[in-house]
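Residue numbers (this note's numbering), protein chains in the order written: chain G, 1 to 442; chain A, 1001 to 1252. All C-beta atoms, glycine included, are put in the ideal place defined by N, C-alpha and C. A short worksheet on the structure shown next.
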């Protein structure tokens, strides 16, 4: 006879239930959305915060790493909005600003013809079934407790719709700002629907952490139409020690479409990025790349699920890590090729440079293949910098530290160079160089 | 002037250089020839400062400064240049970025101002044209996807830009076809001055038809066993290293 063990709720889990109870009546959405929220919270509540015995969360045990639940950030004051207006400035064009997870049209720009923006709150209130299905993630990531938690508590976000055939030449910037002076949580969810044959690039970044800790539960969902050409970048660099940032990225790709994504993670605290990507149509190409630069006691987890349903699609998932100090890096990637997804060409690769003996890198690549005519592969490497390369550079007069930085920059920037936008490549290269010079100073 | 005095070096407990001494005067081109495994490449690496070698005793003086006391980058800034037998590929590092970083690092070390980008570009253009280096090569990552000949030309280009006091060429002829050998040799010859000396390490006499040495040393068993003029190289080409291999065996 075996005793049934019911794990006791942690303080954070109890706190999250209290947060949900306190705010649910105020959260946007019609009756269908309210049901969706309740179902999602029940699912979360049943599972609890993910812990090491949940396979996909094995290396990021939130039961121990997230000790408390923070209240949802209050609406920003007019003064806070004005301060942010100054900080944001006018350099960045086509920007959509979310303040503590809530869309702030007064800080945002108008978008050109061919792309429309609405707040998630208004779309949830309207409750149109087709959009709600997309906002729910099209079944992608639905088993994950943190995706469920975000669905239950989603406050706001942006819903972008790109008209069929529209070509949006310049990137659309989604800018995450924080205004709350005290530690707070936010739950945002945004959706980008790209019509047939349209092209657009979305760039996510953050400003104004103000040095405060916080818990950010974000989700961005892409529905990429047939023959569309869609790009995405994420600059995840402004987090501070003690904060928790859990980002979900969901992508469904139609037929004959192109999708590319690049993310740079270089922040303090706990960062987990989970990516759920599905090739739903035939003959599409999707590339997801990411670089994580870690030092101190930073913890960055990228967990990826790629599902090939359509035939003859090419998937490329490439991730690099530089680990310094006592940091922890995690890469988990699973490619699943469904029965019938013939001629799938999938490649996944994770490479990590370990700069001290105190770092930890956990790599877990997996393939699940149910079709018989595919070419899939994965690889994972961990190692130090090549001493002979450093010697070659030193032999030309470049001091050791500079030689090291040159090689580290090359390693990290090589993936950023793949972004098909020179302006964005420059921005990411500068951020990588900045991290390296901070590292040398430290 | 390069003076190597009584150098004793081992790798993983195996003695490679055995009380090795050699002097190369200002403006002199000295060649070192010898069979495989006799310590020629070790000599070049030890002078340049590669780790993994245990130096037990001895000195390497470049114009009176003991190179063994300092890091490889300082040795380079003091005027030493090693052209590698196999120049390394450095993925992701643009050739131009690398060249500029190297030139300016050395200038900084010597207390000279950094070269401006236009001045630097001009210098590179002149030097690369001379070596027949195409501009698309300069845009690629350092040595990545270069042929053996292109890598060697890139190394000589670096030497031309860095203007060292002394150059060591480690088996520069390996992997080169006749045309590349001629271009590389012409590059080296154009850098010969009354002041700048060279140490040319090679197995074969062929390279010395192009880079004509003032002196030829035969190395075996971790030391110089014979010294002569350029005619010694021709003699070795005929007779081989058989008579020297015995002394190596004895040394080991």
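Query	Result
Using three-state DSSP, classify residue 248 of chain G as helix, strand or coil.	strand
How far does the beta strand (DSSP E) with residue 1204 of chain A in it reach, from first residue to last?	Here residue 1204 of chain A belongs to no beta strand (DSSP E), and DSSP marks it neither H nor E.
Could you tell me the boundaries of the beta strand (DSSP E) in which residue 361 of chain G lies?	360-369
Is there a Cβ of chain G sitting closer than 8 Å to that of residue 1242 of chain A, yes or no?	no
If we ignore side chains and look at the alpha-carbon of each, how far apart do residue 1002 of chain A and residue 1199 of chain A end up?	9 Å
So, with DSSP's three-state summary, where would you put residue 1241 of chain A?	coil
List the DSSP bridge partners of residue 309 of chain G.	DSSP lists no partner for residue 309 of chain G.
Please identify the residue among G:246, G:245, G:261 and G:244 whose C-alpha is closest to the C-alpha of residue 252 of chain G.	G:261
Of all the beta strand (DSSP E) runs that stay within the bounds of the stretch 253-338 of chain G, which reach a length of 3 or more residues?	258-265, 270-279, 285-294, 299-308, 314-323 and 328-337
According to DSSP, is residue 1248 of chain A part of a helix, a strand, or is it coil?	With a pLDDT of only 44 at residue 1248 of chain A, under the threshold of 50, the placement of this residue in the model should not be trusted; the figure read from the coordinates follows. Residue 1248 of chain A falls in the helix class under three-state DSSP.
Going by DSSP in three states, residue 215 of chain G sits in which element: helix, strand or coil?	strand
Mind pulling the chain C residues with CB within less than 7 Å of residue 420 of chain G?	Here the protein chains are G and A, and chain C is not one of them.
Distance, Cα to Cα, residue 1071 of chain A vs residue 57 of chain G?	45 Å
Given a threshold of 16 other Cβ atoms within 10 Å of its Cβ, counted over all protein chains shown, does residue 238 of chain G qualify as buried or as exposed?	buried
Could you check what DSSP says for residue 1235 of chain A in three-state terms: helix, strand or coil?	helix
Determine, using beta carbons only, whether residue 1173 of chain A and residue 1181 of chain A come nearer to each other than 8 Å.	yes
Exposed or buried, residue 11 of chain G, counting other C-beta atoms within 10 Å across all chains shown (16 or more means buried)?	exposed
Quick one: Cα of residue 105 of chain G to Cα of residue 115 of chain G, how far?	15 Å
Answer yes or no: does any C-beta atom of chain A fall closer than 8 Å to that of residue 392 of chain G?	yes
Which residues, in chain order, does the stretch 1170-1184 of chain A contribute to contact with chain G at a C-beta distance below 7 Å?	none
Report buried or exposed for residue 67 of chain G, applying the criterion of at least 16 other Cβ atoms within 10 angstroms of its Cβ.	exposed
In its own chain, which residues sit with a C-beta less than 8 Å from the C-beta of residue 1117 of chain A, not counting the 5 before and 5 after it?	1100
Beta carbon of residue 289 of chain G, beta carbon of residue 87 of chain G: below 8 Å?	no
Thinking residue 359 of chain G and residue 325 of chain G are a contact (beta carbons under 8 Å), I'd like their distance in whole angstroms, please.	7 Å
Cα separation between residue 1252 of chain A and residue 1039 of chain A?	With a pLDDT of 38 at residue 1252 of chain A, under the threshold of 50, the predicted position of this residue should be treated as unreliable, and no value is reported.
Please list, in chain order, the chain A residues whose beta carbon lies closer than 7 Å to that of residue 395 of chain G.	1048, 1072, 1076 and 1082
By a C-beta neighbour count over all protein chains shown, 10 Å radius and 16 as the cutoff for buried, is residue 173 of chain G buried or exposed?	buried
Rounded to whole angstroms, what's the CA-CA distance from residue 119 of chain G to residue 189 of chain G? Just pull it up for me.	10 Å
May I ask which residues mark the beginning and end of the alpha helix (DSSP H) holding residue 1101 of chain A?	1095-1109
What are the start and end residues of the alpha helix (DSSP H) that includes residue 411 of chain G?	400-416
Which residues, in order along the stretch 1083-1095 of chain A, keep a beta-carbon less than 8 Å from a beta-carbon of chain G?	1084, 1087, 1088, 1090, 1091, 1092 and 1093
Measure the CB-CB distance between residue 1157 of chain A and residue 1131 of chain A and report whether it falls below 8 Å.	yes
Do the stretch 374-381 of chain G and the stretch 335-349 of chain G touch if we need at least three Cβ pairs shorter than 8 Å?	yes
Based on DSSP bridge pairs, tell me the residues matched to residue 1003 of chain A.	A:1023 and A:1061
By the three-class DSSP mapping on this structure, what secondary structure does residue 156 of chain G have?	strand
Identify the contact partners of residue 1105 of chain A in chain G, using a Cβ-Cβ distance below 7 Å as the criterion.	397, 398, 399 and 402
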